[in-house]
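Q: Residue numbers (our numbering): 238 to 340.
Where a beta carbon is used, it is the ideal one built from N, C-alpha and C, also for glycine.
Small disclaimer: the values here were computed from a predicted structure and weren't measured.
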């Protein structure tokens, strides 16, 4: 990312969701960090519409899995267990982190 920042004259605050959230909350001269956030990541990538659509899709996906647990499908059970096990981590990570790391 250093090359991209130099070539396009971008600030780290413009391209990193964790830095964006921290800078917006504490200002650009901060001594501690808030970390990344799924909300800041979606907003940085897609704007307000992306936040609304992203959380709607995530909610529908979890609802679909929960409603189909009784079907007995091992794939639904694994997907639901994965979502539950990552529920605390997902809010502090990027939106597509699980998809990118699973392959």
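Which first and last residues belong to the alpha helix (DSSP H) in which residue 303 is found?
A: From DSSP, the alpha helix (DSSP H) with residue 303 extends over 275-304.
Q: Rounded to whole angstroms, what is the Cα-Cα separation between residue 339 and residue 319?
A: Confidence at residue 339 is low in this model, with a pLDDT of 49, below 50, so its placement is unreliable and no value can be given for it.
Q: Check the C-beta distance from residue 257 over to residue 281 and give it rounded, since I have them as a contact under 8 angstroms.
A: Sure, about 5 angstroms apart at Cβ, within 8 angstroms.
Q: Count the other CB atoms within 10 Å of the CB of residue 291; is the residue buried (16 or more) or exposed (fewer)?
A: Residue 291 comes out buried.
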